[in-house]
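> Take the sequence shown: its letter number 411 is residue 410 in numbering that gives the first Met the number 0, and every next letter is one higher.
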Amino acid sequence: MSSSTEIQPTAEGDLGRTPFAHLLVYAAEQQLTGALFLHVPGGAMHSVRLESGRPVKVQMGDGFARLGNLLVDAGLIDEAATTAARAVPGLIGESLVAEGHITRDALETMVERQFFIRMTLLFGLPPKTRYAYFADMHEIVDDGAPISTVHPLAVLWAGLREHAAASVMMEPVLERIGSAILRLHRSAAIDRLKPTVTERAVLDRLRQTPLSLQGLVEANLGDEAMIRWMVYGLVIMRFVDFGTEALPLFPEQPSAPPAPAGSVTLARIRLQPSAPRRFTAAAPDDVGDGERIKPQPRTRKRTRPTNPDGLTGGKSDPPQSSVAETTPQPPAVPKPAVDASSVAESIDGDAPPAMPTAPEGQPDAAHPAHALYCLAMQRLSEGDRKGALAACQLAREIDPNEPDYALLATWIRAILGGTNLESCVDDLDKLLQDRPDHVPALFYRGYLRRRIGDEAGAATDLRRVLELDPAHQDALRELNRLERRAPAKRPSGLYRS
0 MSSSTEIQPT
10 AEGDLGRTPF
20 AHLLVYAAEQ
30 QLTGALFLHV
40 PGGAMHSVRL
50 ESGRPVKVQM
60 GDGFARLGNL
70 LVDAGLIDEA
80 ATTAARAVPG
90 LIGESLVAEG
100 HITRDALETM
110 VERQFFIRMT
120 LLFGLPPKTR
130 YAYFADMHEI
140 VDDGAPISTV
150 HPLAVLWAGL
160 REHAAASVMM
170 EPVLERIGSA
180 ILRLHRSAAI
190 DRLKPTVTER
200 AVLDRLRQTP
210 LSLQGLVEAN
220 LGDEAMIRWM
230 VYGLVIMRFV
240 DFGTEALPLF
250 PEQPSAPPAP
260 AGSVTLARIR
270 LQPSAPRRFT
280 AAAPDDVGDG
290 ERIKPQPRTR
300 KRTRPTNPDG
310 LTGGKSDPPQ
320 SSVAETTPQP
330 PAVPKPAVDA
340 SSVAESIDGD
350 APPAMPTAPE
360 GQPDAAHPAH
370 ALYCLAMQRL
380 SEGDRKGALA
390 ACQLAREIDP
400 NEPDYALLAT
410 WIRAILGGTN
420 LESCVDDLDK
430 LLQDRPDHVP
440 ALFYRGYLRR
450 RIGDEAGAAT
460 DLRRVLELDP
470 AHQDALRELN
480 RLERRAPAKR
490 PSGLYRS
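Pasting the structure below:
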């Protein structure tokens, strides 16, 4: 294939300039969806699938930590069972469960361990390892298994625990903070790190008494090497509050308790303000839908790659090809009833508004649930997903029988992150039991089914949507993508000398 038709990476570089931990932090900050390839000099090529900034799949070019081998090493099966399972088409784990060699729980536990082991190894790759990131091409990293639900913070912490010394940025970062007092950010999600008992003691001490790096070492809570990598990790994840307005990675925000249904007024609702986001227009599709446009071959000189290192220089805007959005929009809001007199008065003029506009700061007394729904939609458009969910839940308390409120709440939970998508599908199953022809619920269930690997169920839902609404563009697009799915092919021109 000629170089004029090669697919160029969105960003590329080496781990000697941008360590793997910094790549993951940047991906989480920008909520990147795509494929990250890591080419070890003279060795294998590994790949990581990113969805909304989270690593959800990892494939090792050298076959490191195969599931069958891990199960044998753990004493759960023998070599004969592994050999027989590999001879059966499909996933080896599913074959072992079907044959009764292991339980479903044992399989899921080992799959999570495999993900941790493989991701952890990537933190220790040599500095000369080349990386290349391809936006919106996450589906080329696929093994047919469900995506991992391991939290990115746990992955980062485990990787740094084992291989922080391999990062060329650790010493410069620690030198930069010098004798500064280290104060944990109040929104830092400490529990997400899954720290050991010793690490927890260090974190608890910092919560209680801010200390400098040297002061923390002198507190004798652990060996100096452990303290140093922990502080390095806390700094790059922005868990240390240096007095700026920067939020930590995946911040925890306490949710307000729901108000009683009988006394809900919009004037008294306080929702979390929208967090500032850089490159908002380039935010990836939610729930792993990154296939907004096809990657286009470039015939001209490559543009300068985006710098994903938040500590070593400035950032440039992502290429325009990663900006277009085709994520299905939230369910359409049902319009409240309009009385006949208001319609009659508007025949000769403009159409009546979908909802009466209440005075600023006042509740919509006629349709409080609908007004809360509109507020949820507004918060969602501003990127305040937790605030949107809080408003939507209040709307559901007022009108628990409105399916659109339940649907929106389920969708927000699906895109919040850290949510089990299968539970979201279960919620939509219940909704559709009472309303089997509810088009938005059918579409979103199909959309989520594809994300959890249930392609047959997704196709059934999408076809039903098109039977009920032949002009449903989102369903047409999703079904077309589902039906034309081809075996993954690695793009050409990943690494050029």
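C-beta atoms are modelled at their ideal positions from N, C-alpha and C, and glycine is treated no differently.
Source: prediction; values computed, not measured.
Which same chain residues, not among the five before or five after Val-167, have their C-beta less than 7 Å away from its C-beta?
Locating residue 167 in the sequence shown gives position 168, counting from the first residue. These residues qualify, in order along the chain: Gly-15, Pro-18 and Pro-126.
> Within 10 Å of its beta-carbon, does Gly-445 have 16 or more other beta-carbons around it, so buried, or fewer, so exposed?
Walking along the sequence shown from the start, residue 445 turns up at place 446. By the neighbour-count rule (16 or more Cβ atoms within 10 Å), Gly-445 is buried.
> Leu-106 and Leu-124: beta carbons closer than 9 Å?
For the purposes of this step, residue 106 is taken as residue 107 along the sequence shown, with counting starting at 1. For the purposes of this step, residue 124 is taken as residue 125 along the sequence shown, with counting starting at 1. Not a contact, by the Cβ cut-off of 9 Å.
> Would DSSP call Phe-36 helix, strand or coil?
For the purposes of this step, residue 36 is identified with residue 37 of the sequence shown, where counting begins at 1. In this structure, Phe-36 counts as strand in the three-state DSSP scheme.
> From Asn-479 to Glu-98, what does the alpha carbon distance come to, in whole angstroms?
Position 480 of the sequence shown, counted from the start, is the residue given in the question as residue 479. Position 99 of the sequence shown, counted from the start, is the residue given in the question as residue 98. About 35 Å.
> Could you check what DSSP says for Pro-54 in three-state terms: helix, strand or coil?
For the purposes of this step, residue 54 is taken as the residue at position 55 of the sequence shown. Correct three-state label for Pro-54: strand.
> Looking only at its chain, what residues have a beta carbon closer than 7 Å to the beta carbon of Val-234, apart from the 5 residues adjacent to it on each side?
Taking the first residue of the sequence shown as 1, we reach residue 234 at position 235. Correct list, in chain order: Val-172 and Ile-176.
> Answer with buried or exposed for Ser-341, where buried requires no fewer than 16 other C-beta atoms within 10 angstroms of its C-beta.
Within the sequence shown, residue 341 is the residue found at index 342, counting from 1. Residue placement at Ser-341 cannot be trusted, given a pLDDT of 37 that sits under 50; what the coordinates show is reported in the next sentence. Exposed.
> Since Thr-128 contacts Asp-13 with CB under 8 Å, what's their CB separation in whole angstroms?
Within the sequence shown, the letter at position 129 stands for residue 128. Within the sequence shown, the letter at position 14 stands for residue 13. Indeed, because the Cβ distance is near 6 Å, the residues count as touching under 8 Å.
> Please return the same chain residues whose Cβ sits closer than 8 Å to the Cβ of Leu-467, not counting the five positions on each side in sequence.
Within the sequence shown, numbered from 1, the residue matching residue 467 stands at position 468. Result list for Leu-467: Asp-436, Val-438 and Leu-441, in chain order.
> Using a Cβ-Cβ cut-off of 6 Å (strictly less than) and excluding sequence neighbours within five positions of Ala-187, which residues of its own chain qualify?
As a position in the sequence shown, residue 187 is number 188, starting the count at 1. Around Ala-187: Phe-238 and Pro-247.
> According to DSSP, what are the bridge partners of Phe-133?
Reading the sequence shown from its first residue, position 134 is the one you call residue 133. According to DSSP, Phe-133 bridges with Ala-34.
> Fully enclosed by the stretch 379-451, which alpha helix (DSSP H) runs are 4 residues long or longer?
Correct list: 384-397, 402-415, 420-433 and 438-450.
> Expressed to the nearest angstrom, what Euclidean distance is found between the alpha-carbon atoms of Ala-413 and Leu-407?
Counting from 1 along the sequence shown, the entry for residue 413 is found at position 414. Counting from 1 along the sequence shown, the entry for residue 407 is found at position 408. Going from the Cα of Ala-413 to the Cα of Leu-407 covers about 10 Å.
> Alpha carbon to alpha carbon, how far is Glu-217 from Phe-122?
On the sequence shown, position 218 is the one that residue 217 refers to. On the sequence shown, position 123 is the one that residue 122 refers to. The straight-line gap from Cα to Cα measures roughly 28 Å.
> Between the alpha carbons of Ala-336 and Arg-191, how many angstroms are there, rounded?
In the sequence shown, residue 336 corresponds to position 337, counting from 1. In the sequence shown, residue 191 corresponds to position 192, counting from 1. Low confidence applies here, because Ala-336 scores a pLDDT of 39, under 50, leaving its location unreliable; read the following figure in that light. Cα to Cα, Ala-336 sits roughly 46 Å from Arg-191.
> Three-state secondary structure (DSSP) at Ala-224?
The residue given as residue 224 occupies position 225 in the sequence shown. Here Ala-224 sits in helix by DSSP.
> Tell me whether the beta-carbon of Ile-451 lies closer than 9 Å to the beta-carbon of Val-424.
For the purposes of this step, residue 451 is taken as the residue at position 452 of the sequence shown. For the purposes of this step, residue 424 is taken as the residue at position 425 of the sequence shown. Yes, they are a contact pair.
> Strictly by DSSP, which residues pair up with Leu-210?
Within the sequence shown, residue 210 is the residue found at index 211, counting from 1. Its beta-bridge partners are Leu-181.
> Would you kindly report the start and end of the unbroken beta strand (DSSP E) that includes Glu-11?
The residue labelled residue 11 in the question sits at position 12 within the sequence shown. Unbroken beta strand (DSSP E) run through Glu-11: 10-13.
> At a cut-off of 8 Å, would you count Gln-392 as near the ligand NAD, judging by its Cβ distance to the nearest heavy atom?
For the structure depicted, the ligand NAD is absent and the ligand set is empty, with no information on it obtainable.
> Opposite Met-44 in the DSSP bridges: which residues?
Residue mapping note: residue 44 aligns to position 45 of the sequence shown, counting from 1. Per DSSP, His-38.
> In the DSSP assignment, find the alpha helix (DSSP H) that holds Pro-151 and state where it starts and stops.
Indexing the sequence shown from 1 puts residue 151 at position 152. Looking at the DSSP string, the run of the alpha helix (DSSP H) that includes Pro-151 is 151-162.
> Applying the criterion that 16 or more other CB atoms from any shown protein chain within 10 Å of the CB defines a buried residue, is Gly-313 buried or exposed?
Counting from 1 along the sequence shown, the entry for residue 313 is found at position 314. The predicted model places Gly-313 with a pLDDT of 38, which falls under 50 and marks its position as unreliable, so this point remains unresolved.
> Within the same chain, show all residues whose beta-carbon is closer than 6 Å to that of Asp-497, passing over the 5 residues directly before and after it, in chain order.
Outside the displayed span of the chain (0 to 496) sits residue 497, for which this structure offers no information.
> Taking the alpha-carbon positions, what's the Val-140 to Ser-147 distance?
Mapped onto the sequence shown, residue 140 falls at position 141. Mapped onto the sequence shown, residue 147 falls at position 148. Answer to the nearest angstrom: the Cα atoms are 13 Å apart.
> In this structure, what does DSSP give as the bridge partners for Leu-49?
As a working mapping, residue 49 is identified with position 50 in the sequence shown. For Leu-49, which the question treats as bridged, DSSP gives the partners Gly-33 and Pro-54.
> Can you give me the start and stop residues for the alpha helix (DSSP H) that Ser-94 sits inside?
The residue you call residue 94 lines up with position 95 of the sequence shown. Start and end: 91-97.
> Does the stretch 29-46 come close enough to the stretch 148-166 that 3 or more CB-CB pairs lie under 8 Å?
Too few Cβ pairs lie closer than 8 Å, so no.
> Does the distance from the CB of Leu-220 to the CB of Arg-206 come in under 9 Å?
Here residue 220 refers to the residue found at position 221 of the sequence shown. Here residue 206 refers to the residue found at position 207 of the sequence shown. For Leu-220 and Arg-206, no; Cβs fall outside 9 Å.
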